[in-house]
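Reviewing the structure listed below.
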Amino acid sequence: MKPLHFTLNLFILLVLVSCTKTAEVEPEDALSKQEKIWKDQGITDYEFTLQITCFCIYEYTLPKKIVVRNNEIQTVNGIDYSTLEFETYMTLDEFFDYIRERQSKNPVVEELTFDPEYGFPTYIYFDISKMIADEEVGYTISEFKAN
């Protein structure tokens, strides 16, 4: 009877381990799924409004109209992006890379929402550490328009 208990316990352990591995992979799979939806659209020219939430100067947190052509930012609020010296923004493709980079730091808080039709992120928020004040940052993407 002992071999039966051992076999049963081994089976239960294997089931639990396989479930745990699936749960760990799920966030990456969900992000990859959304990125595939976005990339399958084939959109390279678009515009959107970006609002950043952070402990930053007020002007940086104001909504900005971002215009992208051929997957490169052209203008921010009508200003040629190449002339902006101290501001950095991302294309929708680059936001996927940003999300992966932040996820690799094992954040204590991660909030993501995606556009149901196009797949790009509409809300991104990370708090990497509860022990570090003011490092939290959020991005809200709205008013998307493909050109």
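Letter 13 of the sequence shown, counting from 1, is numbered -3 in this note's numbering, and no numbers are missing. Ideal Cβ placement from N, Cα and C applies to all residues, glycine included. These figures come from a predicted structure and were not determined experimentally.
Look at THR67 here: in three-state DSSP terms it is helix. Around the Cβ of PRO105, a 10 Å sphere holds 16 or more other Cβ atoms; the residue is buried. Taking the Cβ atoms as the reference, ASP77 lies roughly 6 Å from ASN55, within the contact range of under 8 Å.
For ASP99, the closest C-alpha among the options VAL92, ILE108, THR59 is that of ILE108. Judged by DSSP in its simplified three-state form, GLU94 adopts strand. In this structure, the CA atom of SER88 is about 16 Å from the CA atom of LYS114. The C-beta distance from THR124 to GLN35 rounds to 5 Å, short enough to meet the 8 Å contact threshold. Secondary structure of THR45 (DSSP, three-state): helix. Here the alpha carbons of TYR82 and TYR44 stand approximately 18 Å from one another. Closest option to PHE110, judged by alpha-carbon separation, among ALA130, PHE79, ASN131: PHE79. Going by beta carbons, ILE41 and TYR102 fall outside the 8 Å limit. Within the model, the alpha-carbon separation for MET74 versus SER16 is close to 18 Å.
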